[in-house]
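Be aware that the sequence shown starts at 81, since it is given in the numbering used here, and climbs by one per residue.
Presented below is the structure to which this report refers.
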Amino acid sequence: AGPVGENVADRARAAGLSTAVVESELIGGECSYWACMPSKALLRPVVARADARRVPGLSAAVQGPLDVQAVLAHRDDETAHWKDDGQVAWLESVGADIHRGTGRLTGPRAVSVTAADGSVHRLTARHA
């Protein structure tokens, strides 16, 4: 469940509906952990350094090598060290039920969720 799924869960709650979120990896989605956030966290220091080097009076202050470990630490901070505790807490605060696993449509308004341990949980929607 990425940002869109999180927003849908919140809107459903606001409308008085219940919501189930099925996620096989980290709550927060592709952007938060593998795409947008980490790539921007890695690119920003390089771009900022290049920009600073073009500013008269500032360029001399940024001539040393890039601190790669600090850049990687910044990326890790931006991705919450690949932990989704914050997103899980938020979804729980809006009343969403979280199911870890892979979902599969099994019939009208029916979803089967297979967890990493192989157990299967069946969900049935009242509204769809």
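Just so it is clear, CB atoms sit at the ideal spot from N, CA and C, and this is done for glycine as well.
- For V200, DSSP records a beta bridge to T194.
- Short of 7 Å from the beta carbon of M117, and not among the five residues preceding or following it, lie these beta carbons of its own chain, in chain order: C111, E158, T159.
- Between the beta-carbon of T182 and that of S104 there is about 5 Å, and that keeps the pair under the 8 Å contact cut.
- For the pair V102 and A176, the Cα-to-Cα distance works out to about 10 Å.
- Looking at the DSSP output, L122 sits in no beta bridge, so it has no partner there.
- In this structure, the beta-carbon distance from W162 to Y113 falls below 8 Å.
- Across the set A81, D90, T99, the C-alpha of T99 shows the shortest separation from the C-alpha of H207.
- With a contact defined as Cβ atoms closer than 8 Å, V142 and R155 miss out at about 20 Å.
- L146 and V126 do touch by the CB rule: their CB atoms are close to 7 Å apart, below 8 Å.
- Check the Cα spacing between A205 and each of A81, L97, N87, D90: the tightest is with L97.
- In terms of Cβ geometry, R184 and V191 form a close pair [threshold 8 Å].
- Contact check for D164 against G85 fails: the beta carbons are separated by 8 Å or more.
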